[in-house]
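A.B. asks: Encoded as structure tokens, here's the structure I'll be asking about.
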Amino acid sequence: MAFVNDVRFAADKRAILARLRAVLPPGALLADEEELRPYECDGLTAYRALPLLVALPQTEAEVQAVLRACHDLKVPVVPRGAATGLSGGAMPHEDGVVLSLARFRKILRIDPLARTAIVQPGVRNLAVSEAAAPFGLYYAPDPSSQIACTIGGNVAENSGGVHCLKYGLTVHNVLKVRGFTVEGEAVEFGAAGLDAAGLDLLAVINGSEGLLAVITEVTVKLTPKPELAQVVLAYFDDVQKAGNAVADVIAAGIIPGGLEMMDKPATHAVEPYVKAGYDLEAEAVLLCESDGTPAEVAEEIERMKAVLEKSGATSLVVSRDEAERLRFWAGRKAAFPAVGRITPDYLCMDGTIPRKRLAEMLEAIADLSAKYGLRCANVFHAGDGNLHPLIMYDANQPGELERATAFGAEILELSVRLGGTVTGEHGVGVEKIDVMAAQFTAAEIEAFHRLKAAFDEKGLLNPGKGVPTLARCREYLQTRAGIAPSSVSSDAAPRF
Amino acid sequence: MQTNLIDAIKDTAEGREADAILRTCVHCGFCTATCPTYQLLGDELDGPRGRIYLIKQMLEGQPVSEKTQLHLDRCLTCRSCETTCPSGVKYHRLLDIGRKFLNERVPRPLGQRVVRGLLQEALPRPWIFRPAVAAGQMLRPLLPQALADKVPTAAPGQSQGWPEKSAHPRRMLALAGCVQPGLAPNTNAATARLLDRLGITLFEAPEAGCCGALRFHLDAQEAALADMRRNVDAWWPHVESTQGPGVEAIVMTASGCGAHVKEYGLLLRHDPAYAAKAERISALTKDVSEILAAEAERLKPLLAAKAHPPLKLAFHSPCTLQHGQKIKGVVEELLSAAGCELAPVADPHLCCGSAGTYSILQPDLSRQLRDNKLAALSAGAPKLIVTANIGCQTHLQSGSALPVRHWVEIIEERI
Ligand SMILES: Cc1cc2nc3c(=O)[nH]c(=O)nc-3n(C[C@H](O)[C@H](O)[C@H](O)COP(=O)(O)OP(=O)(O)OC[C@H]3O[C@@H](n4cnc5c(N)ncnc54)[C@H](O)[C@@H]3O)c2cc1C
Ligand code: SF4
Ligand code: SF4
Numbered sequence: 001m002a003f004v005n006d007v008r009f010a011a012d013k014r015a016i017l018a019r020l021r022a023v024l025p026p027g028a029l030l031a032d033e034e035e036l037r038p039y040e041c042d043g044l045t046a047y048r049a050l051p052l053l054v055a056l057p058q059t060e061a062e063v064q065a066v067l068r069a070c071h072d073l074k075v076p077v078v079p080r081g082a083a084t085g086l087s088g089g090a091m092p093h094e095d096g097v098v099l100s101l102a103r104f105r106k107i108l109r110i111d112p113l114a115r116t117a118i119v120q121p122g123v124r125n126l127a128v129s130e131a132a133a134p135f136g137l138y139y140a141p142d143p144s145s146q147i148a149c150t151i152g153g154n155v156a157e158n159s160g161g162v163h164c165l166k167y168g169l170t171v172h173n174v175l176k177v178r179g180f181t182v183e184g185e186a187v188e189f190g191a192a193g194l195d196a197a198g199l200d201l202l203a204v205i206n207g208s209e210g211l212l213a214v215i216t217e218v219t220v221k222l223t224p225k226p227e228l229a230q231v232v233l234a235y236f237d238d239v240q241k242a243g244n245a246v247a248d249v250i251a252a253g254i255i256p257g258g259l260e261m262m263d264k265p266a267t268h269a270v271e272p273y274v275k276a277g278y279d280l281e282a283e284a285v286l287l288c289e290s291d292g293t294p295a296e297v298a299e300e301i302e303r304m305k306a307v308l309e310k311s312g313a314t315s316l317v318v319s320r321d322e323a324e325r326l327r328f329w330a331g332r333k334a335a336f337p338a339v340g341r342i343t344p345d346y347l348c349m350d351g352t353i354p355r356k357r358l359a360e361m362l363e364a365i366a367d368l369s370a371k372y373g374l375r376c377a378n379v380f381h382a383g384d385g386n387l388h389p390l391i392m393y394d395a396n397q398p399g400e401l402e403r404a405t406a407f408g409a410e411i412l413e414l415s416v417r418l419g420g421t422v423t424g425e426h427g428v429g430v431e432k433i434d435v436m437a438a439q440f441t442a443a444e445i446e447a448f449h450r451l452k453a454a455f456d457e458k459g460l461l462n463p464g465k466g467v468p469t470l471a472r473c474r475e476y477l478q479t480r481a482g483i484a485p486s487s488v489s490s491d492a493a494p495r496f
Numbered sequence: 497m498q499t500n501l502i503d504a505i506k507d508t509a510e511g512r513e514a515d516a517i518l519r520t521c522v523h524c525g526f527c528t529a530t531c532p533t534y535q536l537l538g539d540e541l542d543g544p545r546g547r548i549y550l551i552k553q554m555l556e557g558q559p560v561s562e563k564t565q566l567h568l569d570r571c572l573t574c575r576s577c578e579t580t581c582p583s584g585v586k587y588h589r590l591l592d593i594g595r596k597f598l599n600e601r602v603p604r605p606l607g608q609r610v611v612r613g614l615l616q617e618a619l620p621r622p623w624i625f626r627p628a629v630a631a632g633q634m635l636r637p638l639l640p641q642a643l644a645d646k647v648p649t650a651a652p653g654q655s656q657g658w659p660e661k662s663a664h665p666r667r668m669l670a671l672a673g674c675v676q677p678g679l680a681p682n683t684n685a686a687t688a689r690l691l692d693r694l695g696i697t698l699f700e701a702p703e704a705g706c707c708g709a710l711r712f713h714l715d716a717q718e719a720a721l722a723d724m725r726r727n728v729d730a731w732w733p734h735v736e737s738t739q740g741p742g743v744e745a746i747v748m749t750a751s752g753c754g755a756h757v758k759e760y761g762l763l764l765r766h767d768p769a770y771a772a773k774a775e776r777i778s779a780l781t782k783d784v785s786e787i788l789a790a791e792a793e794r795l796k797p798l799l800a801a802k803a804h805p806p807l808k809l810a811f812h813s814p815c816t817l818q819h820g821q822k823i824k825g826v827v828e829e830l831l832s833a834a835g836c837e838l839a840p841v842a843d844p845h846l847c848c849g850s851a852g853t854y855s856i857l858q859p860d861l862s863r864q865l866r867d868n869k870l871a872a873l874s875a876g877a878p879k880l881i882v883t884a885n886i887g888c889q890t891h892l893q894s895g896s897a898l899p900v901r902h903w904v905e906i907i908e909e910r911i
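As you go down the protein sequences, you meet chains A and B in turn.
At position 259 of the first sequence the residue is numbered 259 (our numbering), and the sequence of numbers has no breaks.
To convert a position in the second sequence, counted from 1, into our numbering, add 496.
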């Protein structure tokens, strides 16, 4: 399905190619269609666009030079990490350059006393924890894609993970971010300490989806590894009971190290890969983790078990050792791609709702699944109320993607109606750009545009993503209301 | 992923296979994290997900050139990506199909054709290869670095020979292989002595030769199939023996050959004359570690009978063992049971850069991978490096002052 980017530029490929050739070493610039195609999408393959060029710089000076050239020639730039994003954030712009940070893969410093690490943006999330392990430390935010996704991408998406319920999202674990504006001007957000002088703009760069600056260095907080961690698997014969159990655990005043849910289609998809020994008969499983000193863990596990039993768990299994605990989690972490075993394509949704509405949402998803005739596997960061329904479809069958997209839009709109948001952690990108209009008023959208313009007046960084133009919002709202979209002039709306 | 293969390939057996593989890939990118070439080069095109995309484009009829060829050539076929992929993408099969399709469309320049042709012809033939090694040793100072590195520095390890007469009722076949007898004749001999002590007679079928992997990965898939058929013919009389029961297993001491012979069934499945036999051969094929693990109880008393000096060693698990054959932790357990201390090795999933003829065809990447691997292997200060494949053994030895041996020799010395 083509995503129509309504923000276009008149780019001159030859001019920008010549400029970039002059500033990049050999092998750091791709220009032929054959080489560009594999860059046309991220983890959301339904949306694709062929870039003009791909630049693969290796130093900050090269990044700066690329940005200056693009800015001069008014060529848009799309930053890219590992392209594991699920909202099309790193999808190229057809008039622009993809700026890959994949070659920035050095861990510059680990300070075990200050419990910080300074890393380049292309370092993989898991590599930070691996490097910190000899000091008894780790980097807490652990997206399921942590084996591959980069720290730069994590900051740009303000990514979450299994441990974020207790230890916070990326924004809570980042101290300082260095980067360049699209004009090639160096910028810093935050400071090595906890409180910096001046405006605290750290929260602005976290979750900025490549729209404000290109990140070239990140200082992260490291967390001491708990003495012990154990996970309880609670099986249920009904998904809605499992949904309610999540609310019960939190209501009992327990903050688990992680609280996740998978339904039957999801466990069936992952079991052949991880061989974790999940009960495949159960309709849903909750993974509920406790960490701390052995005494704390023992006590908390008992409380968790009591609550889960009362909520109707049909059986409870507690991990016996670290290897088993990791195996139980491995299934959850591999869940999305493992679903690739049972369907050629899926759309991974990312709405967030209040925890007590989980059961209601699950019921609605089941009904929608019947309505659209598409299967759906559910994998949730349940503790955060962050839903990841995986809508399964076959892109080779005409019409299926459109049906899947409509199915997804209904889930997101329901999320908003239930008091939640359209994105929990995967970002807006291109995928959720239209439903932004369901979430925010025109005045709010305008405020976003003003923030964007403060960093990027010409609107060259990742244009057309994250925040819709007002024209796009109007069109969307009219279509949903059943009015044929008027031919609104897109010139009337602020562009970026 | 969505696919739209061109008619020329869509309805062929290979086209259907490729399409099914492409459709299992969901483009999540997990595999890039453990791909040795992506880790070094940081370009999507040098990682599995990008290569899959390049192959997809080509099969969809987009123009291809030597650019796609370069990125596919840089692939080590180490299959680390397959171990990582949660969706079960059979990458190496897609790559085989892609490379064949590409070769028909993008001819190689003369220089490359000559080198590949020579390798295809010389390596699988011990009668050319063995004298060539000797000549190479003499001429080493004159050879280009990539080739000089490949020529073993020392004379082949001394073999203590095969057991004098071994005539147990339990019998197993061994594959001599093409390069191993010249470079490390003791590997099969040590295996034979060890199995003899366990009451198993090991023997080689003289008519068998190269397993076919070398040619298969050098743009010569048809010639490789001929190698495979020849081996099936050589082994079959011992499998379906007219005198008594057939062999229990076909033992592989080079994991590269093992991974390939285990695929005979798959690769010859469309050949009516060979399909069934090849499948049986593949089923009988076992890495020597699998055989010893099955005999662990009988091995124990033999190991206990002798006092062992402590020995710290580092084990490099070849890709063809851990990713190709999915055998993990088995050799490590056997070595520990034999009283060896295993030094910890970082990033054990990464390839050493040997990868068949890769070290000759992609010398720069290969050397970087080798040096990284040797640094990881020596970090724990071992006395010795052991591995399970002749290619890795000679490749690592070419850059290491520590001796590099086949692990089975160590076990054999300890009984
Ligand atoms: C199987 C799977 C599971 C996932 N699980 C989770 C999960 O549990 N939690 C979660 O939060 N996400 C998850 N994700 C989504 C994704 O992994 C995250 O959004 C991740 O942070 C993206 O990192 P990346 O390096 O791949 O970035 P990319 O996809 O390359 O880019 C993402 C965005 O960041 C921008 N960007 C990247 N690098 C920079 C930089 N250096 N400077 C400025 N902008 C930059 C890009 O322009 C783009 O807008 C999952 C994805 C997959 C495929
Ligand atoms: S891990 Fe598997 S599904 Fe994911 S991109 Fe790689 S090959 Fe495709
Ligand atoms: S086989 Fe090895 S080198 Fe080739 S793509 Fe897979 S991981 Fe990378």
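Beta carbons: idealized from backbone N, C-alpha and C, even for Gly.
#1: Report buried or exposed for Q397 (chain A), applying the criterion of at least 16 other Cβ atoms within 10 angstroms of its Cβ.
#2: With a cut-off of 9 Å, does the C-beta of L20 (chain A) fall near any C-beta of chain B?
#3: Using a beta-carbon distance below 9 Å, is V560 (chain B) in contact with chain A?
#4: Candidates A:L175, A:V162, A:E283, A:H268: which alpha carbon is nearest V231 (chain A)'s?
#5: Spell out whether any CB of chain A is found under 9 Å from the CB atom of F811 (chain B).
#6: Could you round the C-beta distance between A213 (chain A) and T181 (chain A) to whole angstroms and report it? I think they count as a contact, below 8 Å.
#7: Hey, how far is the Cα of L418 (chain A) from the Cα of A247 (chain A)?
#8: Could you tell me the distance, in whole angstroms, from the CA atom of K808 (chain B) to the CA atom of L880 (chain B)?
#9: Quickly, what does DSSP pair E700 (chain B) with across the bridge? List them, please.
#10: What did DSSP end up calling C577 (chain B) once you bin it into helix, strand or coil?
#11: What does DSSP give as the partner residues of V4 (chain A) in its beta bridges?
#12: Suppose contacts are defined by Cβ-Cβ distances below 9 Å. Is A114 (chain A) in contact with A192 (chain A) by that definition?
#13: Do you know how far the Cα of A282 (chain A) is from the Cα of G179 (chain A)?
#14: Measuring alpha carbon to alpha carbon, tell me which residue in B:A663, B:R547, B:H567, B:D539 is nearest S100 (chain A).
#15: Would you check if there are 3 or more beta carbon pairs closer than 8 Å linking the segment 12 to 29 of chain A to the segment 517 to 525 of chain B?
#16: Just tell me which of B:L870, B:G852, B:E744, B:A839 has its CA closest to the CA of A790 (chain B).
#17: Around the C-beta of T738 (chain B), are 16 or more other C-beta atoms found within 10 angstroms, so that it is buried, or is it exposed?
#18: Using 9 Å as the limit for Cβ to Cβ distance, is S487 (chain A) near chain B?
#19: How about E425 (chain A): is its Cβ closer than 8 Å to a heavy atom in ligand 1?
#20: Any heavy atom of ligand 3 closer than 8 Å to the beta-carbon of R575 (chain B)?
#21: Quick one: grab the DSSP three-state call for L590 (chain B).
#22: Grab me the residues of R80 (chain A)'s own chain with a C-beta within less than 6 Å of its C-beta, minus the 5 sequence neighbours each way, in chain order.
#23: Can you tell me the Cα-Cα spacing of A688 (chain B) and L788 (chain B), whole angstroms?
#24: Would you give the residue range spanned by the alpha helix (DSSP H) that M436 (chain A) belongs to?
#25: Per DSSP, which residues does D263 (chain A) bridge with? Please list them.
#26: If contacts are defined as beta-carbon pairs under 8 Å, then I911 (chain B) and R693 (chain B) qualify, I think. What distance do you get, rounded to the angstrom?
#27: Residues in the same chain with beta-carbon distance under 8 Å from D491 (chain A), minus the five sequence neighbours each way, listed in chain order, please.
#28: Could you tell me the alpha carbon to alpha carbon distance between L287 (chain A) and L390 (chain A), rounded to whole angstroms?
#29: Compute the minimum distance between the beta carbon of S862 (chain B) and the heavy atoms of ligand 1, and state whether it is under 8 Å.
#30: Along the segment 569 to 594 of chain B, what residues have a CB closer than 9 Å to any CB found in chain A?
#31: Counting only the same chain and skipping the five closest in sequence on each side, list residues whose C-beta sits under 7 Å from that of Y770 (chain B).
#32: Taking only beta-carbon positions, decide if A562 (chain A) is within less than 9 Å of chain B.
#33: Can you give me the start and stop residues for the alpha helix (DSSP H) that T564 (chain B) sits inside?
#34: To which residues of the same chain is R495 (chain A) closer than 7 Å at the C-beta, ignoring the five residues directly before and after it?
#35: Going by CA-CA distance only, name the one from B:W732, B:V747, B:T749 that's closest to P741 (chain B).
#36: Is E791 (chain B) helix, strand or coil by DSSP?
C.D. replies: Taking the definition as stated:
#1: Reading the first sequence from its first residue, position 397 is the one you call residue 397 (chain A). Per the 10 Å Cβ criterion, exposed.
#2: By one-based count along the first sequence, residue 20 (chain A) stands at place 20. With 9 Å as the cut-off, L20 (chain A) does not count as an interface residue toward chain B.
#3: As a position in the second sequence, residue 560 (chain B) is number 64, starting the count at 1. At a cut-off of 9 Å between beta carbons, V560 (chain B) contacts chain A.
#4: Stepping through the first sequence from its first residue, residue 231 (chain A) is reached at position 231. Minimum Cα distance to V231 (chain A) is reached at A:V162.
#5: The count along the second sequence starts at 1 and reaches residue 811 (chain B) at position 315. Not an interface residue.
#6: Counted from its first residue, the first sequence places residue 213 (chain A) at position 213. Counted from its first residue, the first sequence places residue 181 (chain A) at position 181. Indeed, because the Cβ distance is near 5 Å, the residues count as touching under 8 Å.
#7: Numbered from its first residue, the first sequence carries residue 418 (chain A) at position 418. Numbered from its first residue, the first sequence carries residue 247 (chain A) at position 247. C-alpha separation (whole angstroms): 15 Å.
#8: Taking the first residue of the second sequence as 1, we reach residue 808 (chain B) at position 312. Taking the first residue of the second sequence as 1, we reach residue 880 (chain B) at position 384. Pairing K808 (chain B) with L880 (chain B), the inter-Cα distance amounts to about 7 Å.
#9: Counting from one through the second sequence, the residue named residue 700 (chain B) turns up at place 204. BP columns for E700 (chain B) point to B:A670.
#10: Position 81 of the second sequence, counted from the first residue, corresponds to residue 577 (chain B). Three-state result, C577 (chain B): helix.
#11: Indexing the first sequence from 1 puts residue 4 (chain A) at position 4. In the DSSP output, where bridge partners are listed per residue, V4 (chain A) has none listed.
#12: As a first step, residue 114 (chain A) is located in the first sequence; it is residue number 114 there, counting from the start. As a first step, residue 192 (chain A) is located in the first sequence; it is residue number 192 there, counting from the start. Contact annotation: A114 (chain A) and A192 (chain A) have beta-carbon atoms nearer than 9 Å.
#13: Numbered from its first residue, the first sequence carries residue 179 (chain A) at position 179. Numbered from its first residue, the first sequence carries residue 282 (chain A) at position 282. Put simply, the backbone Cα of G179 (chain A) is about 48 Å away from that of A282 (chain A).
#14: Taking the first residue of the first sequence as 1, we reach residue 100 (chain A) at position 100. The shortest Cα separation from S100 (chain A) among B:A663, B:R547, B:H567, B:D539 belongs to B:D539.
#15: The answer is no - the segment 517 to 525 of chain B does not touch the segment 12 to 29 of chain A, with fewer than three Cβ pairs under 8 Å.
#16: Locating residue 790 (chain B) in the second sequence gives position 294, where the first residue counts as 1. Of the candidates B:L870, B:G852, B:E744, B:A839, the one whose C-alpha sits nearest the C-alpha of A790 (chain B) is B:E744.
#17: As a first step, residue 738 (chain B) must be located in the second sequence, where it is residue number 242. Looking at its Cβ environment, which holds fewer than 16 other Cβ atoms inside 10 Å, T738 (chain B) is exposed.
#18: One-based indexing of the first sequence puts residue 487 (chain A) at position 487. Because S487 (chain A) carries a pLDDT of 40, less than 50, the predicted location of this residue cannot be relied on, and no value is offered for it.
#19: As a first step, residue 425 (chain A) must be located in the first sequence, where it is residue number 425. Indeed, a heavy atom of ligand 1 lies less than 8 Å from the Cβ.
#20: For the purposes of this step, residue 575 (chain B) is identified with residue 79 of the second sequence, where counting begins at 1. Flag set: Cβ of R575 (chain B) near ligand 3.
#21: The sequence position of residue 590 (chain B) within the second sequence is 94, counting from 1. In the structure shown, L590 (chain B) adopts helical secondary structure according to DSSP, grouped into three states.
#22: The sequence position of residue 80 (chain A) within the first sequence is 80, counting from 1. Here the set comprises A90, V98, S100.
#23: Sequence index remark: in the second sequence, residue 688 (chain B) carries index 192 (1-based). Sequence index remark: in the second sequence, residue 788 (chain B) carries index 292 (1-based). Taking the straight line joining both Cα atoms gives about 12 Å.
#24: Here the question's residue 436 (chain A) lines up with position 436 in the first sequence. For M436 (chain A), the enclosing alpha helix (DSSP H) stretches over residues 436 to 439.
#25: In the first sequence, the residue the question calls residue 263 (chain A) occupies position 263. Note: D263 (chain A) sits in a beta bridge opposite A:A284.
#26: Here residue 911 (chain B) refers to the residue found at position 415 of the second sequence. Here residue 693 (chain B) refers to the residue found at position 197 of the second sequence. Rounded to the nearest angstrom, the Cβ distance from I911 (chain B) to R693 (chain B) is 6 Å, consistent with a contact under 8 Å.
#27: Translated into the one-based positions of the first sequence, residue 491 (chain A) becomes position 491. Note that D491 (chain A) scores 36 on pLDDT, short of 50, meaning its location in the model is unreliable and no value can be drawn from it.
#28: Numbered from 1 along the first sequence, position 287 holds the residue referred to as residue 287 (chain A). Numbered from 1 along the first sequence, position 390 holds the residue referred to as residue 390 (chain A). In this structure, the CA atom of L287 (chain A) is about 18 Å from the CA atom of L390 (chain A).
#29: For the purposes of this step, residue 862 (chain B) is taken as the residue at position 366 of the second sequence. No, the Cβ of S862 (chain B) stays beyond 8 Å of every heavy atom of ligand 1.
#30: Among the residues of the segment 569 to 594 of chain B, those with a Cβ less than 9 Å away from any Cβ of chain A are T580, C581, P582, S583, G584, V585, in the order of the chain.
#31: Looking up residue 770 (chain B) in the second sequence gives position 274. Closer than 7 Å at Cβ, skipping near neighbours: R725, V728, L764.
#32: Nothing in the structure corresponds to residue 562 (chain A), since chain A is present only between 1 and 496.
#33: For the purposes of this step, residue 564 (chain B) is taken as the residue at position 68 of the second sequence. Taken as a continuous stretch (DSSP letters only), the alpha helix (DSSP H) holding T564 (chain B) covers 562 to 569.
#34: For the purposes of this step, residue 495 (chain A) is taken as the residue at position 495 of the first sequence. Model confidence at R495 (chain A) stands at a pLDDT of 33, short of 50, so the residue's coordinates are unreliable; what they give is reported in the following sentence. Answer for R495 (chain A): V7, G459, T469, listed in chain order.
#35: The residue given as residue 741 (chain B) occupies position 245 in the second sequence. The candidate whose alpha carbon is nearest that of P741 (chain B) is B:W732.
#36: Residue numbering aside, residue 791 (chain B) sits at position 295 when the second sequence is read from its first letter. Three-state result, E791 (chain B): coil.
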